[in-house]
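Asks:
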Amino acid sequence: MPTNDHYVIIGNGPAGNHAAYTLREKDKDAKITIVSDEAIPFYSKPKLTRYILDEIDSQDLLVKQLSSYSETGIRLRLGQEVDSINPATHTVFLHHKEEIHYTKLIIASGSRARVLPSMRPYASCLKFISSYNQVVEYKEEIRNANEFFIFGGDLVGFKFLRLLAKMGKKITLLIYPNAFWPFNLNDEMEAVIEKSLSGLDVDLVVKDDISAITESGAGYRVTTQKGKEKQVDMVFSFNGLVPSVDFARGCGLDIDHGILVDETMRTNNPDIYACGSCAQVYNPNVNAYTTSIGWPNAVVQGEVTAMNLLGDYKVIESVGRKYFDLEGVKIKTTWWEDIEEA
Ligand SMILES: Cc1cc2nc3c(=O)[nH]c(=O)nc-3n(C[C@H](O)[C@H](O)[C@H](O)COP(=O)(O)OP(=O)(O)OC[C@H]3O[C@@H](n4cnc5c(N)ncnc54)[C@H](O)[C@@H]3O)c2cc1C
1167 MPTNDHYVII
1177 GNGPAGNHAA
1187 YTLREKDKDA
1197 KITIVSDEAI
1207 PFYSKPKLTR
1217 YILDEIDSQD
1227 LLVKQLSSYS
1237 ETGIRLRLGQ
1247 EVDSINPATH
1257 TVFLHHKEEI
1267 HYTKLIIASG
1277 SRARVLPSMR
1287 PYASCLKFIS
1297 SYNQVVEYKE
1307 EIRNANEFFI
1317 FGGDLVGFKF
1327 LRLLAKMGKK
1337 ITLLIYPNAF
1347 WPFNLNDEME
1357 AVIEKSLSGL
1367 DVDLVVKDDI
1377 SAITESGAGY
1387 RVTTQKGKEK
1397 QVDMVFSFNG
1407 LVPSVDFARG
1417 CGLDIDHGIL
1427 VDETMRTNNP
1437 DIYACGSCAQ
1447 VYNPNVNAYT
1457 TSIGWPNAVV
1467 QGEVTAMNLL
1477 GDYKVIESVG
1487 RKYFDLEGVK
1497 IKTTWWEDIE
1507 EA
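Take 1167 as the starting number for the sequence shown in our numbering and just add one per residue.
Quick look at the structure:
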């Protein structure tokens, strides 16, 4: 049955795009709009490190496995930030004061870098690698800089560290075992990582913490609690991700860290769904809501969300357990796959 529905999707990552294409497959007539604050269409975040290295250009970042937006009639609005939502009037408010009306809404706004509470006073000194926009902003600076300070250490952080080592940069890495993401490091794991990095020119700082970061010359001076001092050009923080859901707070949706959804990806509002890394999904096996990160889960969640929005009843399942190797530490995961070519 042809419809005049308008499905609006916030976010153009794997969850949002796979939701959009599944909606289009099942409903040829509906108006479908993806809104994103990013500067480019659907791209591969796992390839961002290769882009920094100039191994690939921005065209190679684009995910081409789905048909083009013009072929499918999916409207893509880039560079447009959603400020808030009013579920009562089915309205999405954009930062530039425009309003978009939806029949059904899918929130697929992903996640952003987590700033540890202890680092908030130094937030203006920190850099992150969690989106194309950020990478474009820092790319030249990274290429021209020599001394880097990395603290935390998560899956993306180690990818970045290896990249800097390949570029011949000088790196100091301060590992935060308790802020390590997605799990905390025990002493044994820390020792394995230390050994794995021993072949690289990395100044490894363990069992210590940052006491201050101050602007100094063209760069920064990082001081640790044990008195180590480092003058560096750039300071990067890799301490995991948190769901990007601030724009949805206060509108009546149930939100904890992420937007709470049931096993069908529906929120407490029947016309609003959430999927990908912004969602916290109810898991009846543990009677709790869990955030799911990683590319493969975002794809599956986007597709399942679209089918349920159209009246199907599909319960979300994890994409299956995998193991991968992080600097010698074997990680068992249901959510992350080591991807270079997504
Ligand atoms: C450098 C890097 C390497 C990675 N490598 C891997 C890997 O090897 N394996 C793996 O499984 N995962 C990897 N990931 C994680 C993976 O990319 C994410 O899990 C996945 O992209 C999440 O998909 P998503 O659709 O939920 O959200 P995202 O891909 O984050 O997309 C969300 C979109 O919503 C937009 N948005 C957010 N808020 C607003 C707003 N208010 N208004 C408008 N738009 C908004 C964002 O800008 C973004 O475009 C990596 C991530 C990074 C950053």
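Cβ coordinates follow ideal geometry from the N, Cα and C atoms, glycine included. Please read all numbers here as calculations on a predicted model, not as lab measurements.
How long is the line joining the alpha carbons of A1508 and V1281, rounded to whole angstroms?
Replies: Only weak support is given to the placement of A1508: the predicted model assigns it a pLDDT of 44, under 50, and the value that follows is read from those uncertain coordinates. Straight-line Cα distance between these residues: approximately 27 Å.
Asks: Which term fits A1279, buried or exposed, when burial requires 16 or more other beta carbons within 10 angstroms of its beta carbon?
Replies: buried
Asks: In the structure shown, what three-state DSSP assignment does D1249 receive?
Replies: Strand.
Asks: For the alpha helix (DSSP H) containing M1285, list its first residue and its last residue.
Replies: Counting along the chain, M1285 falls outside any alpha helix (DSSP H), and DSSP gives it neither H nor E.
Asks: Quick one: does the C-beta of K1293 sit closer than 7 Å to a heavy atom of ligand 1?
Replies: no
Asks: Quick check on P1180: buried or exposed, where buried means 16 or more other Cβ atoms within 10 Å of its Cβ?
Replies: By the 10 Å Cβ count, P1180 comes out buried.
Asks: Does P1287 pass the burial test, meaning 16 or more other C-beta atoms within 10 Å, or should it be called exposed?
Replies: exposed
Asks: In whole angstroms, what is the alpha-carbon distance linking I1421 and I1497?
Replies: Going by the C-alpha atoms only, they are around 29 Å apart.
Asks: Near V1408, which residues of its chain fall below 7 Å by C-beta distance, leaving aside the five closest residues on each side in sequence?
Replies: These residues qualify, in order along the chain: S1277, R1278, R1280, H1423.
Asks: Which residues bound the beta strand (DSSP E) around Y1439?
Replies: 1438-1440
Asks: Starting from T1199, trace the alpha helix (DSSP H) both ways and give me its first and last residue.
Replies: Where T1199 is concerned, there is no enclosing alpha helix (DSSP H), although the beta strand (DSSP E) it sits in stretches over 1197-1201.
Asks: Find the nearest neighbour of S1233 within the set V1248, Y1455, I1198, Y1187, judged by alpha-carbon distance.
Replies: Y1187
Asks: Within a Cβ cutoff of 7 Å, which residues of the same chain sit near T1456, ignoring the five residues on either side of it in sequence?
Replies: Q1446, V1447, N1449
Asks: Where are the beta strand (DSSP E) runs, 3 residues long or more, that stay fully inside the segment 1255-1320, in chain order?
Replies: 1257-1260, 1265-1267, 1270-1273, 1277-1279, 1313-1318
Asks: Where are the alpha helix (DSSP H) runs, 4 residues long or more, that stay fully inside the segment 1339-1370, in chain order?
Replies: 1353-1363
Asks: Of all the options A1196, Q1391, G1494, which has the alpha carbon lying nearest to the alpha carbon of S1362?
Replies: G1494
Asks: Going by alpha carbons, who is nearest to M1355 out of D1367, I1341, L1366, A1274?
Replies: Minimum Cα distance to M1355 is reached at I1341.
Asks: Confirm, please, whether the CB-CB distance from F1317 to P1272 is below 8 Å.
Replies: For the sequence presented, residue 1272 should be read as Ile rather than Pro. A distance of 8 Å or more separates the beta carbons of I1272 and F1317.
Asks: Would you list the one or two residues that DSSP bridges to T1456?
Replies: V1447
Asks: Distance cutoff 8 Å, beta carbons only. Does K1496 sit that close to anything in chain D?
Replies: The structure shown has no chain D; it contains just one protein chain.
Asks: Does ligand 1 have even one heavy atom less than 7 Å from the beta-carbon of D1257?
Replies: The displayed chain sequence assigns Thr, not Asp, to residue 1257. The answer is no for T1257.
Asks: Please confirm whether any heavy atom of ligand 1 lies closer than 7 Å to the CB of F1317.
Replies: no
Asks: State the CB to CB distance for the pair F1402 and K1325, rounded to an integer number of angstroms; the pair is presumed to be in contact (CB under 8 Å).
Replies: A Cβ-Cβ separation of about 12 Å leaves F1402 out of contact with K1325 under the 8 Å criterion.
Asks: Exposed or buried, what is R1309 when buried is set at 16 or more other beta-carbons lying within 10 Å of its beta-carbon?
Replies: exposed
Asks: Starting from K1548 and walking both ways along the alpha helix (DSSP H), at which residues does that stretch end?
Replies: Only positions 1167 to 1508 of the chain appear in this structure, which leaves residue 1548 out of reach.
Asks: Starting from P1462, follow the alpha helix (DSSP H) in both directions and report where the run begins and ends.
Replies: 1461-1475
Asks: Does the segment 1424-1443 come close enough to the segment 1245-1259 to have 3 or more Cβ pairs within less than 8 Å?
Replies: yes
Asks: Tell me the residue span of the alpha helix (DSSP H) that contains E1237.
Replies: 1235-1238
Asks: Cβ of P1253 versus every heavy atom of ligand 1: is any distance shorter than 7 Å?
Replies: no
Asks: Could you name the residues that DSSP lists as bridge partners for S1403?
Replies: F1317
Asks: Short check: CB of V1470 to CB of I1482, under 8 Å?
Replies: yes
Asks: Cβ of G1365 versus every heavy atom of ligand 1: is any distance shorter than 7 Å?
Replies: no
Asks: Does A1205 come out as helix, strand or coil in the three-state DSSP assignment?
Replies: DSSP places A1205 in coil when its eight states are reduced to three.
Asks: Please list the terminal residues of the continuous beta strand (DSSP E) segment that includes R1387.
Replies: 1385-1390
Asks: Can you tell me where the alpha helix (DSSP H) with S1210 in it begins and where it stops?
Replies: From DSSP, S1210 is part of no alpha helix (DSSP H); its letter is neither H nor E.
Asks: With a cut-off of 8 Å, do at least 3 Cβ pairs link the segment 1195-1203 to the segment 1169-1178?
Replies: By the Cβ rule, the segment 1195-1203 counts as touching the segment 1169-1178, because three or more pairs are nearer than 8 Å.
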